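Beneath this line is the structure, given in structure tokens, with notes to follow.
Chains as they are written, first to last, in the numbering used here: chain A, 11 to 388; chain B, 25 to 512; chain C, 23 to 146.
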């Protein structure tokens, strides 16, 4: 009976496989626990040395020598341990550890791994090199961020460049934000922002680039860095750039920089003929610039038919504090479409300043409960 | 006296049917095996990349996309304060917690007011997605905590979620069950695909596991253990096999159809485009994801729905047979409704893998599985009675089918052990292996009956009954009758 | 002798900070989770508590809230140790009554001077 035999064999094979898997589970767990204990035992003798070395914040020659003299087995357990300490520290304490890794050849080894075939290996090396900033091969990482065929490696390399924070990387990071092998805009932007004001000249050039993403990233970061001298260029970008995304980011940047000369441009960006997304961002930016003219403009925007514009104008007024209160109260008391928006923000201000009674039973007596208008706008 | 011709025909039919059932089970389990293999590739990929995931960096970045976490709550009084407190301490740069109190009849709202010192405020809410139950009030805490509590008239979970979507201020929206215990890094983990592939990722989900038996402190899991009784223990293994491996496998194929209502992250603009959650259906979480697939395919935009193979949420599973039965009936009804509502996508090449692979698979191997299982077992028994099947063959057939099932459960355990190994005690491991057997010998057959009942109820068009479960609560004696959780 | 509680779930940080503070002449107690931290504050009455925000069990802010609400140890100086750089979180920490905060990754030397500053503020 062949079918019968086939079944029997299949059944036996399944049982054997099941047993093998069960054995694998047990072996795996045993090995993992053993490896954990072994690494711990290897690292333990060095821990007091490491802590003393780090905390004295001066390289103690004998401690350094003993740690560097660890045999290959101990070092393989010690190295990840030192790296995890590097992640937690700043300043001299961190530098002491990075020097240890440098002297023991970790950095040279990681450099070599940047060109290995496996994407995971390259990404890991790039991440660690970013962490060990001062000795990292900036140019190799830039090449990786721009040209590696694996998207994840490019992302990790771009992040590493931000971590290292050398303004010279600005050009590469800007370029990495566009093209067929692009790094996501937010990630490139974050790294550029970490480079600090030194990146500003390159970003100003980026604002005139013919690539949309370069202009968008440049505008965003010039705002985040608060580069005052970029206001003029950003103003013209906010009005005239052919791409909506760049106009929006430029308007936001103008708000972050906060120079009053940007107000006329931002006012035009809130005009009814502009895109609602731009108008909403511009309204917020107007509030960040502030001043009497801004308050007047925002008070008008409260009555805007577009929800996002009115809501942003209201919140912007809320952030301007006491000077904006009369305008908010006036609108809230009226019957215009802006009234519920103004009321919402006024209530929020009162809540935060403790001027309103809580819903809690034990709250102080004598406070006046605000009238509640939970409006719904079509 | 029955004529020979008739009995011969009956015997031939029964034999044929038995072979069909055999083939079906073989295909079903082999489907699982393929998903398991895909899941292990996915896990390996994920784990190898963890060291450079950059969570710390994303955490410190002012450019990380902020998230609105929507927590629909209906009569969640006993656990709501702990749940909200735990959610407020999630590790994420910028987020708001939106509790939507869906017409609770208990003290859910009063407890929140007490714990967070809430104050009622006016708020302009735009009806971006349709809502049935009217908004009653919006409250915020007096401190600077990023919490908003919305009260509305009862309209069901989907309606509460839609209200949340309307109130949400941030571009990403996370939907969480009020009884989910979240990992502190849950938002970081699940939002990573949005950061790495912002152009395409529209929705992500993470692993949901059974919380029973685990030590929960301050709304967080501090020690993972197997539950103390057998029924939830079996579900732990079942969750690993059916949900964790299944979802990871489908995600690897780029054809993930379900993101659990217990924890899912979505782009708000896409939620608005598809009109939010659908009212009046049970499996609203699966329905949403399938509609998102349909929408993105119809508008011909490149997109991805991603499952992150990392435990992010823990949920209490039923401890009594009665509650479990209700839960499974409801899940299966939800599946039937979801497939029916999206039937135009079934086998439609326009919808790519989701239409040609996922939906047909769910129809044949999920929806119809209990039918084949129950009818198949009956037919085999009948076949044995009339002599169409010989005894040793029948026993062998059953044994092989069971061995295959047990093998899959053990393989899932192995995968968990090789990847996350959250169950640290040897005792828990031994229990899990024991459960791998019980799950296949009895438990699955039992769920097949319940699922069949669910399907039957749906076909009859019975009124939707919301299952309730009495919670044991974590560590406290507080017990309340509450809706059973989302499918993980 | 002035005493400091160091609460962090990371052993490295506990040991590094303890070492630094002990070298500067402080009496140091440690805790590895929030629940333990709260118990230690009540049992040992340290002058300063350095609390990590992200701890298993109770978070640093939970401990801070509990300490401030406690009738006897309510006046303990608290420094939060956080990986958050966002303004709103720092503001939230201060709103709860934190005396200072330190952002991770941190410099041990800076931590020591913050502890000294917080103690000095009380002495004056």
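Backbone N, C-alpha and C define an ideal beta-carbon position, used for all residues, glycine too. Given the structure is predicted, the values throughout are model-derived calculations rather than measurements.
- Counting contacts by CB-CB distance shorter than 9 Å, is residue 382(A) in contact with chain B? Summary for residue 382(A): the model assigns pLDDT 36, below 50, so the residue's position carries little reliability; its value from the coordinates is reported in the next sentence. Cβ-Cβ to chain B under 9 Å: yes for residue 382(A).
- Message: I want to verify the contact list: residues of chain B whose CB lies under 8 Å from the CB of residue 79(C), in sequence order.
- Response: 241, 242, 244, 246
- Along chain A, in chain order, which residues have C-beta atoms closer than 7 Å to that of residue 38(C)? 61, 64, 65
- Message: Taking a contact to mean a Cβ-Cβ separation below 9 Å, would you say residue 90(C) touches residue 119(C) in this structure?
- Response: The answer is yes: Cβ separation under 9 Å.
- Near residue 261(A), what residues of its chain come up, given a Cβ to Cβ distance below 7 Å and the 5 sequence neighbours on each side ignored? 248, 276, 279, 288, 291, 292, 295
- Residues of the stretch 49 to 60 of chain C whose Cβ lies closer than 8 Å to any Cβ of chain B, in chain order: Listed by position along the chain: 55, 56, 57.
- Task: Report the partner residues of residue 234(B) according to the DSSP bridge assignment.
- Result: 339(B)
- Query: Are any of the Cβ atoms in chain C nearer than 9 Å to that of residue 103(A)?
  - Reply: yes
- Please classify residue 158(B): is it buried, with 16 or more other beta-carbons within 10 angstroms of its beta-carbon, or exposed? exposed
- Item | Whole-angstrom C-beta distance between residue 328(B) and residue 221(B), which should lie under 8 Å | 7 Å
- Task: Determine whether the Cβ of residue 17(A) lies closer than 9 Å to any Cβ atom of chain B.
- Result: yes
- Task: Check whether the stretch 303 to 312 of chain B touches the stretch 356 to 366 of chain B, counting contact only when three or more Cβ pairs, one atom from each stretch, lie closer than 8 Å.
- Result: yes
- Query: Considering only C-alpha positions, which residue in the set 80(B), 231(B), 166(B), 164(B) is nearest to residue 70(B)?
  - Reply: The shortest C-alpha separation from residue 70(B) is found at 231(B).
- Query: Whose C-beta lies closer than 8 Å to the C-beta of residue 234(B) among residues of the same chain, with five residues either side of it excluded?
  - Reply: 251, 256, 259, 260, 263, 338, 339, 340, 341
- Query: Where does residue 392(B) fall in DSSP's three states?
  - Reply: coil
- Task: Would you tell me roughly how many angstroms separate the C-alpha atoms of residue 391(B) and residue 407(B), rounded to the nearest one?
- Result: 25 Å
- Item | Own chain partners of residue 180(A) with C-beta closer than 7 Å, once the 5 adjacent residues on each side are dropped | 202, 205, 209, 212, 213
- Contact the stretch 178 to 195 of chain B vs the stretch 340 to 355 of chain B: 3+ CB pairs below 8 Å: no
- Task: Would you check if the distance between the CB atom of residue 298(B) and the CB atom of residue 315(B) is smaller than 9 Å?
- Result: For residue 298(B) and residue 315(B), yes; Cβs fall inside 9 Å.
- Query: So, is residue 375(B) buried or exposed, given that buried needs 16 or more other C-beta atoms within 10 angstroms?
  - Reply: buried
- Three-state secondary structure (DSSP) at residue 42(C)? helix
- Mind pulling the chain C residues with CB within less than 8 Å of residue 201(A)? Per Cβ cutoff of 8 Å: no residues; residue 201(A) is ~15 Å from chain C at best.
- Task: Starting from residue 123(C), follow its DSSP beta bridges and name the residues at the other end.
- Result: 102(C)
- Query: Out of curiosity, what's the CA-to-CA distance linking residue 355(A) and residue 341(A)?
  - Reply: 11 Å
- With 9 Å set as the bound, which would you pick, yes or no: does the beta-carbon of residue 117(C) sit closer than that to a beta-carbon of chain B? yes
- For residue 333(B), which of helix, strand or coil comes out of DSSP? strand
- Message: Assess contact between the stretch 454 to 474 of chain B and the stretch 75 to 94 of chain B, defined as three or more Cβ pairs (one per stretch) separated by less than 8 Å. Is contact present?
- Response: no
- Message: Please report the straight-line C-alpha distance between residue 141(C) and residue 50(C), rounded to a whole angstrom.
- Response: 15 Å
- Message: Would residue 132(A) and residue 125(A) qualify as a contact pair, given that the criterion is a beta-carbon distance under 9 Å?
- Response: Yes, the Cβ-Cβ distance between residue 132(A) and residue 125(A) is below 9 Å.
- Query: When the Cβ atoms of the stretch 169 to 179 of chain A are set against those of the stretch 136 to 154 of chain A, are three or more pairs found closer than 8 Å?
  - Reply: yes
- Spatially closest choice to residue 384(B) from 249(B), 40(B), 276(B), 280(B), by CA coordinates: Ranking 249(B), 40(B), 276(B), 280(B) by Cα distance to residue 384(B) puts 280(B) first.
- Measure the beta-carbon distance from residue 182(B) to residue 302(B) and round it to whole angstroms, keeping in mind my assumption that it falls under 8 Å. 6 Å
- Task: Using a Cβ cut-off of 7 Å, pull out every chain B residue sitting near residue 32(A), in sequence order please.
- Result: 434, 457
- Own chain, CB closer than 6 Å to residue 66(B), minus 5 neighbours either side, in chain order: 272, 276, 333
- Task: Report yes if the CB atom of residue 274(B) is closer than 9 Å to the CB atom of residue 59(B), and no otherwise.
- Result: yes
- Message: For residue 94(A) and residue 318(A), what's the separation of their Cα atoms in angstroms?
- Response: 45 Å
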